[in-house]
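One structure is given here, and the rest of the page talks about it.
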Ligand SMILES: Nc1ncnc2c1ncn2[C@@H]1O[C@H](COP(=O)(O)OP(=O)(O)O)[C@@H](O)[C@H]1O
Ligand SMILES: [Mg+2]
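Chains as they are written, first to last, in this note's numbering: chain F, 2 to 245; chain W, 26 to 374.
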């Protein structure tokens, strides 16, 4: 598959010192990725944290009015699932579309041809900086998004149900495997999103409508990758837990 | 005859089910300037990219300096591409680099290839690149614009920056895709003068794709008319004048002076050449009801007469397709002067 080849070539160029050469574009991409998604992720994970704590507390109140477990359980799901996956989906839409549009318009305006003719590999120049910026930022933004979600949830729990801060903020249920699973997810999304988006961008053909099509395809493919990887990594970590 | 610098044999390329290039043969020998003309969508850009090895042909081969592109590994191809300079139709300026960095890029790339200089040597090389960039920018009439980004430039400026980048590294094969599209006549003339001056007479070739027949005629030694992916005509100007092919005559007589880009909008007001007016006189079109004609030079007398004849014209339509021009094959003793802006036009009711 073309995307796998792109993935392989991205690593190959990385080992040939592409990032050192492209340190300027890399820094700019780091900033771009973060800048594009930080507000998005704050809002989404903040709202999601508040709503899910609210809903859970309503259910818990009906069944067993015992709130001490809500905080730790919420934090566990946040770490393991919500933070990386929601952040990943946001980055897939926001950053994925941006990458595809940028690279797509470079294809349409023949910049990619010009790069090749100057013996500058488009993967080296365009994909590698975006790839690593995306990997790093997805991990960082997942951690950040998790913190935002947990804090937002805690605020709801504290002010609406008067759960003490200390009871809510408990890492009792968060195990090593939850953290690694969450981080692996974030890293995997961070790799899949720029590859899916760059591939869509590089395949752009036929004028500015082509860029639109590429952008749509990038978002669809990148989101799909996030969901599939979520499933795979969740399954793997579950099996590893069972194996122990 | 010397071995051709660029040679294409039996070149074909499909996009989907459409054959965009169909059996093209092309040889260009040292010192030649070849002009490629043809209607929009004829495949000129695709042909140019095939010649540059940027697109792989479905059938046929392209040899550059005797090397078949298909048989080259990455390093060999890099060596061949170092001898190419291409001005792309869509400028292709890197929007993440300044004008100066764009123009210096081919030189920087080359330096990366051979010397990993440090300290003083590298600084000297950078200074040399900067000075060459400055010289080229002056030549394209854009001095001191090094620090601007491409999105701060007008279309004409971008074209000129792209020309500077294509020629900075003294390439042996210079390919220009519509270098004067959308430029004013003064700048266009300057660009063609520059193309002629930068032509590597002793070492290489130049291929120009353009609609600007008037400016190509004195510069190009040989012309190729591409139509629907096939070569419809090949030869010098005299051969074009002798040709009885309607389309060739249309292109080389007057219609090519639709000038500008592929995207020339239909309906822009243009002046008419004497040929079309003669045909009106001959009564091959039904008399239209409004028509503007600004006669110039030698034709003014005749034009004046026609203007009288055509009073009561109501509307005109301007053709984008010179082939439909009904009068192009009409023999006429009256060649339009080279600098008169003219157009193929059909007069309708
Ligand atoms: N990458 C591509 N994919 C599909 N069709 C293409 C592609 N490039 C060019 N074409 C088609 O090939 C034809 C010739 O294009 P082009 O060479 O750009 O024409 P022109 O003579 O105006 O430069 C057009 O119809 C165009 O739509
Ligand atoms: Mg073209």
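Quick reminder that beta carbons are idealized off the backbone N, C-alpha and C, glycines included.
Which residue spans inside the region 72 to 101 of chain W form an unbroken beta strand (DSSP E) run of at least 3?
Counting only unbroken stretches of 3 or more residues, the beta strand (DSSP E) elements lying wholly within the region 72 to 101 of chain W are 84 to 89, in sequence order.
Looking at chain W, which residues of the region 108 to 130 of chain F have a Cβ within less than 8 angstroms of any of its Cβ atoms?
Contacts with chain W (Cβ-Cβ distance below 8 angstroms) from the region 108 to 130 of chain F involve 109, 110, 111, 112, 114, 115, 116, 117, 118, 119, 120 and 121, listed in chain order.
Ranges of the beta strand (DSSP E) found wholly within the region 202 to 235 of chain W, counting only runs of at least 3
Whole beta strand (DSSP E) segments, 3+ residues: 230 to 234.
Would you say residue 26(F) reaches chain W, if we count a Cβ-Cβ gap shorter than 8 angstroms as a contact?
Taking the first residue of the first chain as position 1, residue 26(F) is located at position 25. Taking 8 angstroms as the CB threshold, residue 26(F) lines the interface with chain W.
Identified DSSP bridge partners for residue 135(F):
As a working mapping, residue 135(F) is identified with position 134 in the first chain. Within the DSSP bridge table, the entry for residue 135(F) names no partner.
Residue 53(W) (DSSP reduced to helix, strand or coil):
If you number the second chain from 1, residue 53(W) lands on position 28. In this structure, residue 53(W) counts as strand in the three-state DSSP scheme.
Excluding the 5 residues flanking residue 92(W) on each side, which residues of the same chain have their C-beta closer than 8 angstroms to its C-beta?
Along the second chain, one-based indexing puts residue 92(W) at 67. Excluding residues within five positions, the ones whose Cβ falls inside 8 angstroms are 101 and 105.
Figure out for me which residue from 34(F), 25(F) and 43(F) has the closest Cα to the Cα of residue 147(F).
Sequence index remark: in the first chain, residue 147(F) carries index 146 (1-based). Residue 43(F) holds the alpha-carbon nearest to the alpha-carbon of residue 147(F) among 34(F), 25(F) and 43(F).
Residues near ligand 1, criterion Cβ-heavy atom distance below 6 angstroms:
Selection output, chain order preserved: 206(F), 207(F), 40(W), 45(W), 63(W), 65(W), 66(W), 67(W), 68(W), 69(W), 70(W), 71(W) and 287(W).
Is residue 58(F) closer than 8 angstroms to residue 71(F) when the C-beta atoms are compared?
As a working mapping, residue 71(F) is identified with position 70 in the first chain. As a working mapping, residue 58(F) is identified with position 57 in the first chain. Cβ distance < 8 angstroms, so residue 71(F) and residue 58(F) count as in contact.
Is residue 114(W) close to ligand 2? I mean its beta-carbon at under 7 angstroms from any heavy atom of the ligand.
In the second chain, the residue the question calls residue 114(W) occupies position 89. Under cutoff, so the answer is yes.
C-alpha gap between residue 83(F) and residue 177(F), whole angstroms
For the purposes of this step, residue 83(F) is taken as the residue at position 82 of the first chain. For the purposes of this step, residue 177(F) is taken as the residue at position 176 of the first chain. Cα to Cα, residue 83(F) sits roughly 17 angstroms from residue 177(F).
For a test of your reading of the model: does the CB of residue 202(W) fall under 7 angstroms from any non-hydrogen atom of ligand 2? Yes or no.
Position 177 of the second chain, counted from the start, is the residue given in the question as residue 202(W). Yes; taking the cut-off as 7 angstroms, the Cβ of residue 202(W) has a heavy atom of ligand 2 nearer than that.
Hey, how far is the Cα of residue 154(W) from the Cα of residue 193(W)?
For the purposes of this step, residue 154(W) is identified with residue 129 of the second chain, where counting begins at 1. For the purposes of this step, residue 193(W) is identified with residue 168 of the second chain, where counting begins at 1. If you draw a straight line from the Cα of residue 154(W) to the Cα of residue 193(W), it is about 9 angstroms long.
Alpha helix (DSSP H) runs wholly inside the region 109 to 185 of chain F, at least 4 long, in chain order
For the alpha helix (DSSP H) assignment, the uninterrupted runs of no fewer than 4 residues enclosed by the region 109 to 185 of chain F are, from N- to C-terminal side, 112 to 118, 129 to 162 and 166 to 169.
For residue 210(F): DSSP bridge partner residues
Taking the first residue of the first chain as position 1, residue 210(F) is located at position 209. As far as DSSP is concerned, residue 210(F) takes part in no beta bridge.
At a CB-CB cut-off below 7 angstroms, which residues of chain F make contact with residue 131(W)?
Taking the second chain and counting its residues from 1, the one referred to as residue 131(W) is at position 106. In chain order: 119.
Does chain F have any CB closer than 8 angstroms to the CB of residue 171(W)?
Within the second chain, numbered from 1, the residue matching residue 171(W) stands at position 146. Using beta-carbon distances, residue 171(W) does not count as an interface residue toward chain F, since no partner is under 8 angstroms.
Closer than 8 angstroms, CB to CB, is residue 79(W) near chain F or not?
For the purposes of this step, residue 79(W) is taken as the residue at position 54 of the second chain. Closer than 8 angstroms to some Cβ of chain F, the Cβ of residue 79(W) qualifies, so yes.
Return helix, strand or coil for residue 134(W), following the three-state DSSP convention.
Translated into positions along the second chain, residue 134(W) becomes position 109. The DSSP-derived three-state label of residue 134(W) is helix.
Using three-state DSSP, classify residue 46(W) as helix, strand or coil.
Working through the second chain from its first residue, we reach residue 46(W) at position 21. Assigned with DSSP and collapsed to three states, residue 46(W) falls in strand.
Mind checking residue 156(W): buried by the 16 CB within 10 Å criterion, or exposed?
Numbered from 1 along the second chain, position 131 holds the residue referred to as residue 156(W). It counts as exposed.
Beta-carbon of residue 57(W) versus every beta-carbon of chain F: anything under 8 angstroms?
What you label residue 57(W) is simply residue 32 of the second chain in a count that begins at 1. Interface flag for residue 57(W) against chain F is unset, since no Cβ pair is found closer than 8 angstroms.
What do you get for residue 193(F), buried or exposed, if any count of 16 or more other CB atoms within 10 angstroms of its CB means buried?
Within the first chain, the letter at position 192 stands for residue 193(F). The residue in question, residue 193(F), is buried, as its Cβ has 16 or more Cβ neighbours within 10 Å.
How many angstroms separate the CA atom of residue 22(F) from the CA atom of residue 90(W)?
For the purposes of this step, residue 22(F) is taken as the residue at position 21 of the first chain. For the purposes of this step, residue 90(W) is taken as the residue at position 65 of the second chain. In this structure, the straight-line span from the alpha carbon of residue 22(F) to that of residue 90(W) is close to 31 angstroms.
Quick one: residues in its chain with C-beta nearer than 7 angstroms to the C-beta of residue 102(F), no 5 flanking neighbours on either side, listed in chain order?
Here residue 102(F) refers to the residue found at position 101 when the first chain is read from its first residue. These residues qualify, in order along the chain: 212 and 216.
Closer than 8 angstroms by beta-carbon distance: list the chain F residues that pair up with residue 265(W), in chain order.
On the second chain, position 240 is the one that residue 265(W) refers to. Here the premise fails: no neighbours, minimum Cβ distance about 30 angstroms.
With 16 other CB atoms within 10 Å as the buried threshold, where does residue 293(W) fall?
As a working mapping, residue 293(W) is identified with position 268 in the second chain. In this prediction, residue 293(W) scores a pLDDT of 33, lower than 50, which makes its location untrustworthy; the coordinate-derived value is nonetheless stated afterwards. Residue burial is scored here from C-beta neighbours: residue 293(W) has fewer than 16 other C-beta atoms within 10 angstroms and is therefore classed as exposed.
Could you pull the start and end residues of the beta strand (DSSP E) that residue 33(W) belongs to?
In the second chain, counting from the first residue as 1, residue 33(W) sits at position 8. Start and end: 29 to 40.
Given 8 angstroms as the limit, is there contact between the region 268 to 280 of chain W and the region 242 to 259 of chain W, that is, 3 or more CB pairs closer than that?
A contact exists between the region 268 to 280 of chain W and the region 242 to 259 of chain W.
Does the CB of residue 111(W) have a neighbour CB from chain F at under 8 angstroms?
If you number the second chain from 1, residue 111(W) lands on position 86. Yes, residue 111(W) counts as interfacial toward chain F.
Taking only three categories from DSSP, how would you classify residue 67(F)?
Reading the first chain from its first residue, position 66 is the one you call residue 67(F). Residue state, collapsed to three classes: coil.
Cβ-Cβ separation, residue 50(F) to residue 150(F) (assumed contact under 8 angstroms), whole Å
Indexing the first chain from 1 puts residue 150(F) at position 149. Indexing the first chain from 1 puts residue 50(F) at position 49. Right, the Cβ-Cβ distance comes to about 3 angstroms (below 8 angstroms), so this counts as a contact.
In angstroms, rounded to a whole number, what distance separates the CA positions of residue 346(W) and residue 67(W)?
One-based indexing of the second chain puts residue 346(W) at position 321. One-based indexing of the second chain puts residue 67(W) at position 42. Residue placement at residue 346(W) is poorly supported in this model, since its pLDDT is 37, which falls under 50; the coordinates are not used for a value here.
If you draw a straight line from the C-alpha of residue 4(F) to the C-alpha of residue 113(W), how long is it?
As a first step, residue 4(F) must be located in the first chain, where it is residue number 3. As a first step, residue 113(W) must be located in the second chain, where it is residue number 88. Between the alpha carbons of residue 4(F) and residue 113(W) lies a gap of roughly 28 angstroms.
What does residue 115(W) reach in chain F if we use C-beta pairs closer than 9 angstroms?
The residue labelled residue 115(W) in the question sits at position 90 within the second chain. Per Cβ cutoff of 9 angstroms: 109, 110, 111 and 112.
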